[in-house]
Amino acid sequence: MLANGWRMIIVAGLVLLDPWLIECQTINPDRDVTLTRNYVEGETISYQMKAINAGHMRTIRYEAQANARVERKPSGPLVENFAWTGLLVNGQTVPLTPTSLQFREDLSLSPEYTLSVPDLSKVQPILIGPITDLLTFYADVQLAMRQKNLLRTGDHIYVKHGTPSSWADGTYTVFGQDSIDFDITLTEMDQTAHEATLLIRHVPPVQAQIQFPARWMVAPVGDHPNNWVEVEKTAQGKYSAEVGKETFEVAIRLSLPSGRILSAKMDNPVDVLGRDCDDAALLNCGAPQRYHIRRQIFLLAEKSK
């Protein structure tokens, strides 16, 4: 899970789904305009993203810059076509390679657009975190916008999911899964300030559906069944195996009536039990260690010029 103390996650906690299954909902009786993204072709968007990755071995901080223009794809929907133009890690500028500078990330809050993880094979590994974190924010907002009963302050919806998502690449991360449901609240609908605020919590389902590569991973690490597991192959040919409870709390502020993301913050703690193992079957392992990992991501829109 940790490469030199940095958690290199591709899509952990990011679930791209058809989110029409709703377990329960609390609706205020007075109706109002639903949350939607009203795109204008040619519109420009710029975000600054900051992150604190507090890992088991060390803490890494990054800052990244992403700029986009709204374009219409041949298939019809309008998308925000993002380019990543700057990256700092622990206060030091990290030059982006030509392929990283050429990389484009299409994102959209339109319900007609299916979000997906882009091809990350040609970008620098250190840029994968910012790319997938931005995708997580968009996936959460799109999921909330598809729920047409989020209308007034206090409206609440629980989206039951649980189906595992995987971020294993088969080389470095040989196994990685998590399982979550979504608890969504419209915490504020301020028509005077023309803003809305969402709280999207990624929570462990009652029964997680992830697979466990070894029997010792089944026992709960926290107060819920384990909903997160990862196995990485080390440079020495051994295996770092971890299991635990993962949650996300994502607060997102939207502009009205455009639906544009103004700011967002994500708190992603994981309670972990980890073991270093000599074999791929995770049978010959050292003593277990318990520790806590926490990722905090902050996104802020820059004013249009």
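Here the sequence shown is numbered in my numbering, starting from 4 and rising by one per residue.
For glycine and all other residues, C-beta sits at the position ideal for the given N, C-alpha and C.
Opposing strand residues paired with residue i [DSSP bridges]
i: Met60; result: Paired residues: none, contrary to the question.
i: Arg293; result: Leu276
i: Phe251; result: His205
i: Val232; result: Gln180 and Val246
i: Ser266; result: Arg256 and Leu303
i: Val82; result: Glu74
i: Ala199; result: Met192 and Leu257
i: Leu91; result: Glu66 and Thr96
i: Tyr50; result: Ala69 and Ala304
i: Asp186; result: Tyr161 and Arg204
i: Ile55; result: Arg64 and Gln299
i: Asn271; result: Arg298
Cβ-based burial, residue i [other Cβ within 10 Å; buried from 16]
i: Gly247; result: buried
i: Ile213; result: buried
i: Gln150; result: buried
i: Pro98; result: exposed
i: Pro207; result: buried
i: Ala15; result: Annotation note: pLDDT 45 at Ala15 (below 50); position unreliable, coordinate value reported separately. Answer is buried; the Cβ neighbour count reaches 16.
i: Pro133; result: buried
i: Gly45; result: exposed
i: Asp33; result: Note that Asp33 scores 48 on pLDDT, short of 50, meaning its location in the model is unreliable; the coordinates nonetheless yield the value given after this. That one is exposed.
i: Val234; result: buried
i: Val209; result: exposed
i: Val69; result: Val is not the amino acid found at residue 69; the sequence shown has Ala there. The residue in question, Ala69, is buried, as its Cβ has 16 or more Cβ neighbours within 10 Å.
Reduced DSSP secondary structure (H/G/I, E/B, other) of residue i
i: Tyr141; result: helix
i: Gln214; result: coil
i: Ile30; result: Any reading at Ile30 is ruled out, since the residue's pLDDT is 40, under 50, leaving its predicted position unreliable.
i: Ala71; result: strand
i: Arg149; result: helix
i: Thr166; result: coil
i: Thr135; result: helix
i: Leu104; result: helix
i: Leu154; result: coil
i: Leu110; result: strand
Cβ separation of residue i and residue j, assumed to be a contact under 8 Å, to the nearest whole Å
i: Leu259; j: His164; result: Going by Cβ atoms, the distance from Leu259 to His164 rounds to 28 Å, so no, they are not a contact pair.
i: Leu138; j: Val162; result: No, Leu138 and Val162 are not in contact; Cβ-Cβ is about 18 Å, not under 8 Å.
Cutoff 7 Å; reference residue i; Cβ partners in own chain excluding five residues on either side
i: Glu191; result: Thr156, Ala199 and Thr200
i: Thr39; result: Met148 and Gly262
Own chain, CB closer than 6 Å to residue i, minus 5 neighbours either side, in chain order
i: Lys268; result: Ala254 and Phe301
i: Pro167; result: Gln180, Ser182, Gln212 and Ile213
i: Arg293; result: Leu276
i: Leu104; result: none
i: Leu123; result: Ile131
i: Arg218; result: none
Close Cβ partners of residue i (< 8 Å) along its chain, the five nearest in sequence each way excluded
i: Leu110; result: Ala71, Val82, Glu83, Phe85, Leu118, Leu137, Leu138 and Tyr141
i: Gly79; result: Glu115
i: Ala304; result: Ile48, Ser49, Tyr50, Arg263, Ile264, Leu265 and Ser266
i: Tyr242; result: Val177, Val234, Glu235, Lys236, Asp279, Cys280, Asp281, Asp282, Ala283 and Leu285
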